[in-house]
Amino acid sequence: PRCALVNCTGGWAVDDYKVDKVGDTVEECCAMTCQMWNCSDPDNYAIPDAKLNKIGRREEECCEPICRSHTCEDGWLKDVTRDALFKPSNKQCCHQLCGSYICPDKWAKDTSRADLVVVDHTTCCQPTCELHECGKDYVKDESKAKKVDSTDE
1084 PRCALVNCTG
1094 GWAVDDYKVD
1104 KVGDTVEECC
1114 AMTCQMWNCS
1124 DPDNYAIPDA
1134 KLNKIGRREE
1144 ECCEPICRSH
1154 TCEDGWLKDV
1164 TRDALFKPSN
1174 KQCCHQLCGS
1184 YICPDKWAKD
1194 TSRADLVVVD
1204 HTTCCQPTCE
1214 LHECGKDYVK
1224 DESKAKKVDS
1234 TDE
């Protein structure tokens, strides 16, 4: 019998390289899908759902690194709730801290907040005088543009 007649199920898939071969078992005629693999380092690697039913001839074709394997750089804090996510990076696996945040134009970094997790620019930065609208009896002093303040004085 030819492999083309074998029903590949239960973690096995049709192997295009074997369909014309002689055989009658899934082992002889089919290819393992990724769901049949166990990652050798399950603490740091896993198989994405999208790959479970794909043919995987080697562990490296199926297992991908997850956030648990990622070491956050300085200025970032590990988020253990993201440990099972794929494509590890600081942005994917960590929370940015204010100490590494770049404030937008017309805002200045508040160094007293360096260890806070960034929510938005107001978490880490303070408005400078450039953002202040002077009252009717005042004129903007450009020499104070970078100063952190919100008064007319």
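Residue numbers (my numbering): 1084 to 1236. Positions of the beta carbon are idealized from the N, C-alpha and C atoms, including for glycine.
- Assigned with DSSP and collapsed to three states, E1142 falls in helix.
- Every alpha helix (DSSP H) of 4 residues or more that sits fully in the segment 1125–1201 is shown, in chain order, as 1142–1145, 1173–1176.
- Contact between the segment 1107–1120 and the segment 1134–1145 is present: three or more C-beta pairs spanning the two stretches fall below 8 Å.
- With a contact defined as Cβ atoms closer than 8 Å, C1176 and K1161 qualify at about 7 Å.
- Straight across, the Cα-Cα distance linking Y1128 with D1157 is about 23 Å.
- In this structure, V1109 is the residue among D1188, V1109, P1084, Y1184 with its C-alpha nearest to the C-alpha of G1093.
- Boundaries of the alpha helix (DSSP H) around V1109: 1109–1112.
- Contact annotation, A1133 with C1150: C-beta distance approximately 17 Å; criterion of less than 8 Å not satisfied.
- CA-to-CA, the gap between P1131 and S1183 works out to about 31 Å.
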